[in-house]
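Chemist:
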Amino acid sequence: MSFKIFYYIIGMIIIFREISHLINLKQHSYDAFDFLMWFRRKKEEWGYKPEWRDYTPEIKEFAKPLMVWAVIIFSWLLLGLATFNWMVIVLYFVIVVPILKAWYKKIETRESYMIHTLVAKLILIGTILFMIINSFHLHISLQQFIFGG
Numbered sequence: 008m009s010f011k012i013f014y015y016i017i018g019m020i021i022i023f024r025e026i027s028h029l030i031n032l033k034q035h036s037y038d039a040f041d042f043l044m045w046f047r048r049k050k051e052e053w054g055y056k057p058e059w060r061d062y063t064p065e066i067k068e069f070a071k072p073l074m075v076w077a078v079i080i081f082s083w084l085l086l087g088l089a090t091f092n093w094m095v096i097v098l099y100f101v102i103v104v105p106i107l108k109a110w111y112k113k114i115e116t117r118e119s120y121m122i123h124t125l126v127a128k129l130i131l132i133g134t135i136l137f138m139i140i141n142s143f144h145l146h147i148s149l150q151q152f153i154f155g156g
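Start counting the sequence shown at 8; every next residue gets the next number (the numbering used here).
Pasting the structure below:
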């Protein structure tokens with residue numbers, strides 16, 4: 008199996024997992040919001056970001072799968088820099104990530120966290136779907152489209 012096929016199969020797995028979270032978005036985002044608020048409270052109370060050793064067993068149980076999944080997605084995106092769609096990944100990191108990060112810092116309610124999560128997941132799903140379709144069918148060179156040539 009070629010790298011390209013293996014890479015995009017992993018992309019499809021990421022899409023299916025993100026869709027499964029969208030199906031139960033309210034519960035997932037409310038739990039994650041509670042973790043975010045705990046993290047912010049401890050950071051303000053202690054004067055530093057809580058480290059892994061500071062987490063309670065319940066928080067560790069909740070946070071570990073999130074951290075593992077974030078590493079998987081980040082690694083997949085970094086590997087994307089070695090594909091035909093490398094410009095999509097660059098644009099994702101240069102445009103989308105800073106906007107989502109700035110928005111994330113302003114989240115104060117469960118509902119706003121849920122909307123942020125919904126938008127972030129839909130953007131990620133759309134990005135991966137575009138990469139797959141572009142790689143196998145469209146063959147749009149974003150480098151040429153953006154920079155000419």
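Glycine is no exception: its CB is placed at the ideal position from the N, C-alpha and C atoms.
Tell me whether residue 39 is buried or exposed, calling it buried when 16 or more other Cβ atoms sit within 10 Å of its Cβ.
Modeler: As a position in the sequence shown, residue 39 is number 32, starting the count at 1. Buried, by the Cβ-count rule.
Chemist: Take residue 21 and list the residues in its own chain whose beta-carbon comes closer than 8 Å to its own, dropping the five residues that flank it on each side.
Modeler: Numbered from its first residue, the sequence shown carries residue 21 at position 14. Result list for residue 21: 79, 80, 83, 131, 135, in chain order.
Chemist: Is it buried or exposed for residue 67, if we count other Cβ within 10 angstroms and need 16 for buried?
Modeler: Working through the sequence shown from its first residue, we reach residue 67 at position 60. Of the residues assessed, residue 67 falls on the exposed side of the cut-off, its CB having fewer than 16 other CB atoms within 10 angstroms.
Chemist: Smallest Cα separation from residue 111: which of 126, 97, 98?
Modeler: Position 104 of the sequence shown holds residue 111. Nearest C-alpha to residue 111: 126.
Chemist: Roughly how many angstroms separate the alpha carbons of residue 23 and residue 43, rounded to a whole number?
Modeler: On the sequence shown, residue 23 is found 16 positions in, with the first residue counted as 1. On the sequence shown, residue 43 is found 36 positions in, with the first residue counted as 1. Spanning the two alpha carbons is a distance of roughly 25 Å.
Chemist: Per the contact definition of three or more C-beta pairs closer than 8 Å, is the stretch 139–152 in contact with the stretch 28–37?
Modeler: no
Chemist: Label residue 15 either buried or exposed according to how many other C-beta atoms from any shown protein chain fall within 10 Å of its C-beta, with 16 as the threshold for buried.
Modeler: For the purposes of this step, residue 15 is taken as residue 8 along the sequence shown, with counting starting at 1. Buried is the call here.
Chemist: Cβ atoms of residue 49 and residue 61: under 8 Å apart, would you say?
Modeler: Within the sequence shown, the letter at position 54 stands for residue 61. Within the sequence shown, the letter at position 42 stands for residue 49. Their beta carbons are under 8 Å apart, which means residue 61 touches residue 49 by this criterion.
Chemist: With DSSP run on the structure shown, which of helix, strand or coil describes residue 20?
Modeler: Translated into positions along the sequence shown, residue 20 becomes position 13. In the structure shown, residue 20 sits in a helix (DSSP, three-state: H, G or I).
Chemist: Should residue 27 be labelled buried (16 or more other beta-carbon atoms within 10 Å of its own) or exposed?
Modeler: Sequence index remark: in the sequence shown, residue 27 carries index 20 (1-based). By the neighbour-count rule (16 or more Cβ atoms within 10 Å), residue 27 is not buried but exposed.
Chemist: Rank 35, 89, 18 by C-alpha distance to the C-alpha of residue 72 and give the top, closest one.
Modeler: For the purposes of this step, residue 72 is identified with residue 65 of the sequence shown, where counting begins at 1. Put simply, of 35, 89, 18 the residue whose alpha carbon is nearest the alpha carbon of residue 72 is 35.
Chemist: Exposed or buried, which one is residue 19 when buried takes at least 16 other CB atoms within 10 Å?
Modeler: One-based indexing of the sequence shown puts residue 19 at position 12. By the neighbour-count rule (16 or more Cβ atoms within 10 Å), residue 19 is not buried but exposed.
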